[in-house]
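Participant: Protein chains in written order, with the numbering used here: chain A, 253 to 553; chain B, 471 to 578.
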Amino acid sequence: MHFLSGALRAEEREAVLGDCVELGMSSAQACREVAGLLLRRQFLAWLQWRPWLALLGLLMPLGFTLSHVSRHWADAATIHVWLYINTWTMAILQSSGARRDLVGVGGQLLFHFGTLVFWSFLAGLAGGRLSRGTTYWVGAAVFCFVVFAATIGTTTLARANPLNAPAFQDPSYWLLLPFAVRVGFVVLPALEGMRRGRRPARLSRAGWAIVFIAVLVVTGLAAPSLQRSLDAGRLASHAMSVHDAHLHDRVLTFVLGPPHAWIRRWLIPALMVWPAAYLVATSCVEQWRHPVRRTSETKRI
Amino acid sequence: MLGEFEYLLISASSRLGDEAYGATIRIAIEEATGSACSVGALYTTLDRLEQKGLIETSMSEPTAQRGGRAKRLVRVTAKGAREASQFYRAVVRSSRGVAWEALPPGAR
Numbered sequence: 253m254h255f256l257s258g259a260l261r262a263e264e265r266e267a268v269l270g271d272c273v274e275l276g277m278s279s280a281q282a283c284r285e286v287a288g289l290l291l292r293r294q295f296l297a298w299l300q301w302r303p304w305l306a307l308l309g310l311l312m313p314l315g316f317t318l319s320h321v322s323r324h325w326a327d328a329a330t331i332h333v334w335l336y337i338n339t340w341t342m343a344i345l346q347s348s349g350a351r352r353d354l355v356g357v358g359g360q361l362l363f364h365f366g367t368l369v370f371w372s373f374l375a376g377l378a379g380g381r382l383s384r385g386t387t388y389w390v391g392a393a394v395f396c397f398v399v400f401a402a403t404i405g406t407t408t409l410a411r412a413n414p415l416n417a418p419a420f421q422d423p424s425y426w427l428l429l430p431f432a433v434r435v436g437f438v439v440l441p442a443l444e445g446m447r448r449g450r451r452p453a454r455l456s457r458a459g460w461a462i463v464f465i466a467v468l469v470v471t472g473l474a475a476p477s478l479q480r481s482l483d484a485g486r487l488a489s490h491a492m493s494v495h496d497a498h499l500h501d502r503v504l505t506f507v508l509g510p511p512h513a514w515i516r517r518w519l520i521p522a523l524m525v526w527p528a529a530y531l532v533a534t535s536c537v538e539q540w541r542h543p544v545r546r547t548s549e550t551k552r553i
Numbered sequence: 471m472l473g474e475f476e477y478l479l480i481s482a483s484s485r486l487g488d489e490a491y492g493a494t495i496r497i498a499i500e501e502a503t504g505s506a507c508s509v510g511a512l513y514t515t516l517d518r519l520e521q522k523g524l525i526e527t528s529m530s531e532p533t534a535q536r537g538g539r540a541k542r543l544v545r546v547t548a549k550g551a552r553e554a555s556q557f558y559r560a561v562v563r564s565s566r567g568v569a570w571e572a573l574p575p576g577a578r
């Protein structure tokens, strides 16, 4: 009962539970009434367009893309991490060329995982802003499901390559690392973004401009790898080459065109940028309609 | 125009006056209709009527009778009274000369 009523707003919870006590309802009856109220609210909320746009236009496509790109980048990290762990010597630090490679690999990993956090947080923020209220939980649950389930039945070129077999034989690399990357750099930032998106927080116009420019730059730099994550990061489980397309990939090709089509090359990066574009646009509209001087009560993101 | 349940809720609130809140409105509607009234239907309709400006709600002080919980008091606005009156007049006009006007109360 307390679990169910926890989904109600504080004042409504007071009123509804008080009514149940005053009417002498049993616990079972009160649970049924509260569950009925929650279901009605969900049904009414889903009659609006906003939750559908958040779910179908943002959370599901972004969850799908982030699922693949996070696995693709986790696999790239696997190969580097396995090599360094299994072949580590102090000579690597003493050689300038090896040091440069190590710094390069570290920088690449930092960029990849930082980009995942950035994209996921903005996606969650936009999703939470769009699906404010009762549909938030459904959107969050669907996003998490898509992130973990989108790659089922597929593999990556890295895993299919027999030369990488020593690295991917260890479950720590082929199972735990991608899972940890998805949880730590995709799901948790997205859920935090969704939580913050429910509140009417504001950033200044300059702040939003910086965020938008940053996401454009980061997405532009990551675009080739983003594209490769869907081309070489989504093969049938038995595939040995990029050309061996799974049924789902034929659908992807039908919807988006072949891997080198312009629409596919531009649509996927645009998908990663659109949450930031939405946040900037809605913030500008809100600030134009209701100009507010910054006070201590205004919450920051 | 108001819906049937919206009219029942507004008329019950108007009749109850200062004692109009969730539990009492529910009892009044169940007595008038002879059917059960769910908390879900009641509270979602209260929200809808408040959004339309037909009622105003406020939270009272907690009471021991309700386990130390507050009531959500309902007050019908002037606009709500006009809409309810319009609905009532429409029902009366459309019911003139209809056979069930002569049915005794409680008859099915």
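Ideal placement from N, C-alpha and C gives every residue a C-beta, glycine not left out.
Once the 5 residues before and after E553(B) are set aside, which same chain residues still bring their CB inside 7 Å of it?
Facilitator: The residue you call residue 553(B) lines up with position 83 of the second sequence. Here the set comprises L472, L524.
Participant: Chain A beta carbons: is any one of them nearer than 7 Å to that of A482(B)?
Facilitator: If you number the second sequence from 1, residue 482(B) lands on position 12. With 7 Å as the cut-off, A482(B) does not count as an interface residue toward chain A.
Participant: Using three-state DSSP, classify T534(A) as helix, strand or coil.
Facilitator: Numbered from 1 along the first sequence, position 282 holds the residue referred to as residue 534(A). Three-state result, T534(A): helix.
Participant: Could you pull out every residue in the same chain whose Cβ sits closer than 6 Å to the Cβ of S481(A), ignoring the five residues on either side in sequence?
Facilitator: Walking along the first sequence from the start, residue 481(A) turns up at place 229. H320, V321, H324, listed in sequence order.
Participant: Mapping the DSSP letters down to three states, classify M342(A) as helix, strand or coil.
Facilitator: For the purposes of this step, residue 342(A) is taken as residue 90 along the first sequence, with counting starting at 1. It is coil, neither helix nor strand.
Participant: So which residues on chain A does S628(B) lean against when the C-beta distance must stay under 9 Å?
Facilitator: Nothing about residue 628(B) can be read from this structure; chain B reaches only from 471 to 578.
Participant: Can you tell me the Cα-Cα spacing of V494(A) and A329(A), whole angstroms?
Facilitator: Position 242 of the first sequence, counted from the first residue, corresponds to residue 494(A). Position 77 of the first sequence, counted from the first residue, corresponds to residue 329(A). Interpretation of V494(A) is limited by its pLDDT of 48, a score under 50 that renders its predicted location unreliable; the figure taken from the coordinates is listed afterwards. Approximately 20 Å, taken between the alpha carbons.
Participant: Rounded to whole angstroms, what is the Cα-Cα separation between G504(B) and A498(B)?
Facilitator: As a working mapping, residue 504(B) is identified with position 34 in the second sequence. As a working mapping, residue 498(B) is identified with position 28 in the second sequence. In a straight line, the C-alpha of G504(B) is about 10 Å away from that of A498(B).
Participant: Measure from the alpha carbon of A442(A) to the alpha carbon of each residue in F397(A), A533(A), D483(A), I331(A), then state which is nearest.
Facilitator: Here residue 442(A) corresponds to residue number 190 of the first sequence, with the count starting at 1. Among F397(A), A533(A), D483(A), I331(A), the Cα nearest to that of A442(A) belongs to F397(A).
Participant: Under a Cβ-count criterion, where at least 16 other Cβ atoms within 10 Å of its own Cβ denotes burial, should G538(B) be classed as buried or exposed?
Facilitator: Here residue 538(B) refers to the residue found at position 68 when the second sequence is read from its first residue. So G538(B) counts as exposed.
Participant: Which residues, taken in chain order from the region 267-279 of chain A, show a beta carbon closer than 8 Å to some beta carbon of chain B?
Facilitator: Of all residues in the region 267-279 of chain A, the ones placed with a Cβ closer than 8 Å to any Cβ belonging to chain B are A267, V268, L269, G270, D271, C272, V273, E274, L275, in chain order.
Participant: Output, in chain order, the set of chain B residues within a Cβ distance shorter than 8 Å of E263(A).
Facilitator: Within the first sequence, residue 263(A) is the residue found at index 11, counting from 1. Result: M529, A540, R542.
Participant: Output the distance between the C-alpha atoms of A522(A) and G492(B), rounded to the nearest integer angstrom.
Facilitator: Position 270 of the first sequence, counted from the start, is the residue given in the question as residue 522(A). Position 22 of the second sequence, counted from the start, is the residue given in the question as residue 492(B). Roughly 49 Å separates the two Cα atoms.
Participant: Leaving out five residues before and five after H500(A) in sequence, what residues of the same chain have Cβ atoms less than 6 Å from its Cβ?
Facilitator: Along the first sequence, one-based indexing puts residue 500(A) at 248. Any reading at H500(A) is ruled out, since the residue's pLDDT is 47, under 50, leaving its predicted position unreliable.
Participant: Quick check on DSSP: helix, strand or coil for T503(B)?
Facilitator: Within the second sequence, numbered from 1, the residue matching residue 503(B) stands at position 33. DSSP places T503(B) in helix when its eight states are reduced to three.
Participant: Taking only runs that begin and end inside the region 331-413 of chain A, name each unbroken alpha helix (DSSP H) of 4 or more residues, in chain order.
Facilitator: 343-346, 348-382, 388-401, 409-412
Participant: Let me know if H542(A) comes out buried or exposed under the rule of 16 or more other beta-carbons within 10 Å of its beta-carbon.
Facilitator: Position 290 of the first sequence holds residue 542(A). So H542(A) ends up on the exposed side.
Participant: Count the other CB atoms, across all protein chains shown, that sit within 10 Å of the CB of S481(B); report buried if there are 16 or more and exposed otherwise.
Facilitator: Along the second sequence, one-based indexing puts residue 481(B) at 11. Counting the other Cβ atoms within 10 Å of the Cβ of S481(B) gives 16 or more, which makes it buried.
Participant: Could you give the first and the last residue of the continuous alpha helix (DSSP H) run that contains E266(A)?
Facilitator: Mapped onto the first sequence, residue 266(A) falls at position 14. Element bounds for E266(A): 262-274.
Participant: Taking C-beta to C-beta, are V399(A) and R434(A) nearer than 7 Å?
Facilitator: For the purposes of this step, residue 399(A) is taken as residue 147 along the first sequence, with counting starting at 1. For the purposes of this step, residue 434(A) is taken as residue 182 along the first sequence, with counting starting at 1. For V399(A) and R434(A), yes; Cβs fall inside 7 Å.
Participant: Keeping to the same chain, check which residues put their C-beta closer than 6 Å to that of R293(A); ignore five residues upstream and five downstream.
Facilitator: The count along the first sequence starts at 1 and reaches residue 293(A) at position 41. Excluding positions up to five away in sequence, the list reads T386.
Participant: With a cut-off of 7 Å, does the C-beta of Y558(B) fall near any C-beta of chain A?
Facilitator: As a working mapping, residue 558(B) is identified with position 88 in the second sequence. So, not an interface residue.
Participant: Drop a sphere of 10 angstroms on the beta-carbon of T547(A), count the other beta-carbons inside from all chains shown, and report buried for 16 or more, exposed for fewer.
Facilitator: The count along the first sequence starts at 1 and reaches residue 547(A) at position 295. At T547(A) the pLDDT is 48, less than 50, meaning the model places this residue with poor confidence; the figure from the coordinates comes in the next sentence. So T547(A) counts as exposed.
Participant: Quick one: grab the DSSP three-state call for M524(A).
Facilitator: The sequence position of residue 524(A) within the first sequence is 272, counting from 1. Looking at M524(A) - three-state DSSP - the assignment turns out to be helix.
Participant: If you draw a straight line from the alpha carbon of A548(B) to that of Q535(B), how long is it in whole angstroms?
Facilitator: Residue 548(B) sits at position 78 when you count from the first residue of the second sequence. Residue 535(B) sits at position 65 when you count from the first residue of the second sequence. Cα-Cα distance, rounded: 31 Å.
Participant: To the nearest angstrom, how far is it from the Cα of F431(A) to the Cα of I465(A)?
Facilitator: Residue mapping note: residue 431(A) aligns to position 179 of the first sequence, counting from 1. Residue mapping note: residue 465(A) aligns to position 213 of the first sequence, counting from 1. Looking at the two C-alpha atoms, the distance is approximately 30 Å.
Participant: How long is the line joining the alpha carbons of V562(B) and S555(B), rounded to whole angstroms?
Facilitator: By 1-based counting over the second sequence, the position of residue 562(B) is 92. By 1-based counting over the second sequence, the position of residue 555(B) is 85. V562(B) and S555(B): Cα-Cα distance of roughly 11 Å.
Participant: Please report the straight-line C-alpha distance between A262(A) and E500(B), rounded to a whole angstrom.
Facilitator: If you number the first sequence from 1, residue 262(A) lands on position 10. If you number the second sequence from 1, residue 500(B) lands on position 30. Rounded to the nearest angstrom, the two C-alpha atoms are 27 Å apart.
Participant: Say whether chain A places a C-beta atom closer than 7 Å to the C-beta of T515(B).
Facilitator: As a first step, residue 515(B) is located in the second sequence; it is residue number 45 there, counting from the start. Not closer than 7 Å to any Cβ of chain A, the Cβ of T515(B) fails to qualify, so no.
Participant: Counting only C-beta atoms, is R545(B) closer than 7 Å to chain A at any point?
Facilitator: The sequence position of residue 545(B) within the second sequence is 75, counting from 1. Taking Cβ atoms only, chain A never reaches closer than 7 Å to R545(B), which makes this a no.
Participant: So who's on the other strand from R542(B), going by DSSP bridges?
Facilitator: Along the second sequence, read from residue 1 onward, the residue named residue 542(B) stands at position 72. Paired residues: M529(B).
Participant: G492(B) CB to nearest chain A CB: under 7 Å?
Facilitator: Walking along the second sequence from the start, residue 492(B) turns up at place 22. Yes - at least one Cβ of chain A is within 7 Å of the one on G492(B).
Participant: List the DSSP bridge partners of Y477(B).
Facilitator: Position 7 of the second sequence holds residue 477(B). DSSP output for Y477(B) lists no bridge partner at all.
Participant: What are the boundary residues of the alpha helix (DSSP H) that W460(A) is part of?
Facilitator: For the purposes of this step, residue 460(A) is identified with residue 208 of the first sequence, where counting begins at 1. W460(A) -> alpha helix (DSSP H) spans 457-483.
Participant: Kindly list, in the order they appear in chain A, the residues whose Cβ is closer than 7 Å to that of E535(B).
Facilitator: Here residue 535(B) refers to the residue found at position 65 when the second sequence is read from its first residue. At residue 535(B) the sequence reads Gln, which differs from the Glu that was named. Simply E274.
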